[in-house]
Amino acid sequence: MMEIYAQEARSRNPYHLMAVYLSAIANSCTDRWLEAYADLRFLENLQNTYQENVISAEELQQMTMQAKEMVLQRDDHEQKEQLQQIDDRYVLLQANLFTSYKSIEGYFRPLSLDGRFYYMAGYLTWGDSYMNVTDSGSCLTNKFDIYQIEAISKDKSYVDSFPCIVPVVANTDTENYPNKFEIKTGTDRYSFPAYGFKKYDYYRIDEPTAFTAENITVFGKPIPLHHDPKRKKLVLSIFLDSFNWKVIKEHSLKECMPNTYDFFQEGLICDEFYAGSEFTYPSIASYWTGLRSSHHKMLNQSVKRAMPADRKVFPEIFQEAGYFTAKIGGNDSVIPDFGYMRGIDRFLYQYWQEDFFAHEAVHQTIEHMEAFQETDQFIWLDIPDLHDVAGVWDMPLSVQTSCPIHVNEIDFTGRYPGTLYQTPSPNRREVYLKEMAYIDRQLGVLYRYIKEHYSRDEVVVTLFSDHGNGFNVDAGQPFLSWQRENVPLMIYGPEFSHNICDELVESVDYGHILCHLAGMEDPSLAENDGNLPAFCGGTEKEYVFAQSQHPDREYAAFVGTKDYRFYLESYQKVDKDCRIEISAGAYVKLVDMEDQEFQNPDIMEKCKAIVMENIRDFAY
0 MMEIYAQEAR SRNPYHLMAV YLSAIANSCT DRWLEAYADL RFLENLQNTY QENVISAEEL
60 QQMTMQAKEM VLQRDDHEQK EQLQQIDDRY VLLQANLFTS YKSIEGYFRP LSLDGRFYYM
120 AGYLTWGDSY MNVTDSGSCL TNKFDIYQIE AISKDKSYVD SFPCIVPVVA NTDTENYPNK
180 FEIKTGTDRY SFPAYGFKKY DYYRIDEPTA FTAENITVFG KPIPLHHDPK RKKLVLSIFL
240 DSFNWKVIKE HSLKECMPNT YDFFQEGLIC DEFYAGSEFT YPSIASYWTG LRSSHHKMLN
300 QSVKRAMPAD RKVFPEIFQE AGYFTAKIGG NDSVIPDFGY MRGIDRFLYQ YWQEDFFAHE
360 AVHQTIEHME AFQETDQFIW LDIPDLHDVA GVWDMPLSVQ TSCPIHVNEI DFTGRYPGTL
420 YQTPSPNRRE VYLKEMAYID RQLGVLYRYI KEHYSRDEVV VTLFSDHGNG FNVDAGQPFL
480 SWQRENVPLM IYGPEFSHNI CDELVESVDY GHILCHLAGM EDPSLAENDG NLPAFCGGTE
540 KEYVFAQSQH PDREYAAFVG TKDYRFYLES YQKVDKDCRI EISAGAYVKL VDMEDQEFQN
600 PDIMEKCKAI VMENIRDFAY
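Under numbering that gives the first Met the number 0, the first residue of the sequence shown carries the number 0, and numbering increases by one thereafter.
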């Protein structure tokens with residue numbers, strides 16, 4: 000009974016110290032030592048984050064070592080491998096590989112992520128790679144590439160599945176730099192020195208080929224060069240961080256982003272699409288899992304918890320269908336730590352504020368599309384630049400020179416530190432419009448490339464966002480106003496033409512939409528919170544739902560229909576373990592579509608029930 004209750008408690012709230020501790024005890028008592036070890040490592044993470052202990056650090060260390068020893072004593076290679084993967088994850092968290100501001104020795108390395116082995120190597124690091132022969136640095140100073148490892152050896156043969164591209168890291172240490180390759184294809188032999196330190200080089204294989212290297216070499220998983228008529232040639236997801244659709248309703252898409260308008264007006268533009276959360280970490284997890292934030296439970300970014308392993312994310316569906324999948328960009332909330340390596344064959348990243356702004360992200364996406372044009376591709380593209388407006392950081396040259404000097408004056412405040420909680424700001428809004436135009440110019444290059452290289456029935460392109468900005472929300476609006484949560488969803492593909500859609504859609508529906516447009520079905524989609532909209536042949540939902548469940552801030556919820564909007568905000572702040580003392584009461588408000596408040600007890604109770612159903616694992 001203890002095991003049953005402990006595991007249910009940990010499942011319902013993975014941030015609760017006692018729940019995680021009791022789960023570790025229960026797993027130990029039932030000889031589930033690997034699971035106990037995972038619990039204890041996570042408990043260590045929680046105690047360090049909260050600066051609060053349910054057991055002393057010394058006792059926790061003893062229990063952790065005991066659990067590890069019990070696993071190592073077993074003749075179970077798979078469990079030992081999983082143990083190493085658990086340790087690798089916490090090494091990654093401590094080293095902070097994907098968000099660190101400090102140089103890290105041995106930055107490029109093998110990685111164990113989500114049960115698979117990868118090699119993280121440099122990308123375009125020509126100076127370091129060919130002259131200095133070094134790998135020290137961080138994601139601020141380097142772009143990096145991640146591919147799954149197929150073999151680490153001196154010899155590798157390819158006898159089928161060609162043509163294909165093989166990503167290879169020839170030099171993993173400085174002792175034997177440079178490596179030397181001998182390659183045999185049929186009756187031909189080639190030999191040459193392989194330069195480049197801890198970076199990928201790419202070799203095209205068109206016939207049976209054997210590599211013989213002088214030194215240990217990392218061979219990545221081959222990329223088959225093959226089009227399948229059942230697949231689209233290109234499925235491209237363009238994620239624009241921090242895009243209030245309210246701005247478009249006020250100014251029009253054609254005025255703000257003419258290239259984007261010209262491209263997507265040939266497809267479908269959704270006017271009533273809503274994100275599920277107020278910031279990136281929980282919001283994008285809802286896109287990938289199809290679960291609302293209180294269900295996927297990625298709520299406290301300080302804890303760095305990954306998406307639930309027992310839920311298939313939609314890129315895995317594309318990968319299983321034979322697409323060559325890639326994630327390109329520099330958003331620090333969409334990183335391997337959080338599970339975003341799942342379903343991805345190539346992960347290209349650098350922290351965006353250093354060298355992965357819109358122009359570079361677009362360039363690298365086109366480079367990827369061109370390099371692997373003989374495959375069927377799924378690409379997730381991050382463009383976080385709009386977020387910089389809220390941070391009052393330097394804008395691109397053309398934005399700075401086109402803005403009047405008064406916009407530099409700080410004309411906003413915020414309830415809490417951070418970019419998401421700002422009050423209305425006319426100055427920030429003015430900069431925001433200029434930044435939208437800048438991003439649109441960069442995207443125009445991408446749109447032209449797509450139209451020049453693909454027919455409409457070969458592609459599905461979507462553009463969407465994760466949340467809006469507080470400075471674009473009108474004064475007097477609730478924190479989780481529709482003005483913050485109403486974001487873009489635009490679709491270019493064969494099924495739509497010149498359509499504006501006012502159907503209610505939310506971010507958990509995204510995987511359903513994309514898989515349908517790509518002609519794929521997967522039973523996992525039926526298990527999430529999403530829905531296939533009527534514009535795809537499904538059914539229109541009655542309401543959309545969004546929530547903010549951030550520790551040390553009031554819980555907020557939004558329920559929106561075609562006739563009214565309901566808002567709730569707790570009087571008490573969310574606990575550090577994400578629980579909500581809802582019994583202490585909450586402020587509620589019901590407004591019509593003109594934002595006029597009205598009373599209707601039946602609607603109030605219906606909306607409260609929707610909120611309580613979504614937070615039942617955390618409310619008390």
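Glycine included, every Cβ here is placed at the ideal spot set by N, Cα and C.
Note that this is a predicted model, so its numbers are computed, not measured.
Cβ-Cβ distance between residue i and residue j below 8 Å
i: M435; j: D113; result: no
i: A360; j: D344; result: no
i: D473; j: I438; result: no
i: C514; j: F313; result: yes
i: S241; j: Y280; result: no
i: E174; j: F218; result: no
i: A556; j: V504; result: no
i: T412; j: G469; result: no
i: K627; j: Y348; result: Residue 627 lies beyond the stretch modelled for the chain, which goes from 0 to 619, so this question has no answer here.
i: F371; j: I204; result: no
i: Y118; j: V165; result: no
i: G266; j: I490; result: yes
i: K21; j: A35; result: Contrary to the premise, residue 21 reads as Leu rather than Lys in this sequence. Going by C-beta atoms, L21 is not nearer than 8 Å to A35.
i: Y157; j: P207; result: yes
i: V458; j: K179; result: no
i: P527; j: V507; result: A small correction: the amino acid at residue 527 is Asn; Pro does not occupy that position in the sequence shown. A contact, by the Cβ cut-off of 8 Å.
i: F565; j: L589; result: yes
i: D591; j: N12; result: no
i: E568; j: A585; result: yes
i: I103; j: K153; result: no
i: Y199; j: D144; result: yes
i: S163; j: F97; result: The identity of residue 163 in the sequence shown is Cys, whereas the question assumes Ser. No.
Counterpart residues of residue i in DSSP-defined beta bridges
i: L396; result: DSSP, once it has assigned bridges, lists no residue as partnering L396.
i: I602; result: In DSSP, I602 forms no bridge with anything.
i: G185; result: Bridge partners of G185: none, in fact.
i: P192; result: K179
i: I215; result: DSSP lists no partner for I215.
i: R115; result: L112
i: S381; result: The question names Ser, yet the displayed sequence has Asp at residue 381. According to DSSP, D381 bridges with F238.
i: T461; result: S236, I490
i: C269; result: L488, C500
i: R203; result: I164
i: V543; result: G559
i: G443; result: G443 pairs with nothing; no bridge assigned.
i: K572; result: E553
i: E104; result: BP columns for E104 are empty, so no partner.
i: Y586; result: E568
Local Cβ density within 10 Å of residue i, reported as buried at 16 or more and exposed below that
i: T364; result: buried
i: W392; result: exposed
i: H405; result: exposed
i: Y570; result: exposed
i: L396; result: exposed
i: A56; result: exposed
i: M1; result: exposed
i: H250; result: exposed
i: I641; result: There is simply no residue 641 to check, as the chain begins at 0 and stops at 619 in what is shown.
i: A284; result: buried
i: P335; result: buried
i: K561; result: exposed
i: P477; result: buried
i: C535; result: buried
i: M519; result: buried
i: P621; result: An answer regarding residue 621 cannot be provided, because it is not within the stretch 0 to 619 covered by the chain.
i: T171; result: buried
Cβ separation of residue i and residue j, assumed to be a contact under 8 Å, to the nearest whole Å
i: N258; j: L110; result: Not quite, the Cβ-Cβ distance comes to about 37 Å (not below 8 Å), so this is no contact.
i: Y446; j: N471; result: Between N471 and Y446 the Cβ distance is about 25 Å, and since that is not below 8 Å, they are no contact.
i: K197; j: G126; result: About 13 Å; that fails the 8 Å criterion.
i: Q78; j: V70; result: 6 Å
i: G467; j: Q482; result: 7 Å
i: C255; j: I247; result: 6 Å
i: W379; j: F238; result: 7 Å
Original post:
How about the region 8 to 19 and the region 575 to 582: do they share at least three Cβ pairs that are nearer than 8 Å?
Top reply: yes
Original post:
Is the region 212 to 227 touching the region 370 to 381, taking contact as three or more C-beta pairs under 8 Å?
Top reply: yes
**OP:** Report yes or no: do three or more beta-carbon pairs, one from the region 297 to 305 and one from the region 320 to 328, lie closer than 8 Å?
**Re:** no
Subject >> Three or more C-beta pairs below 8 Å linking the region 593 to 612 and the region 42 to 56 >> reply: no
**OP:** Report yes or no: do the region 543 to 556 and the region 270 to 287 share at least 3 C-beta pairs separated by less than 8 Å?
**Re:** yes
Subject >> Inter-stretch contact (C-beta, 8 Å, three-pair minimum) for the region 282 to 291 and the region 23 to 41 >> reply: no
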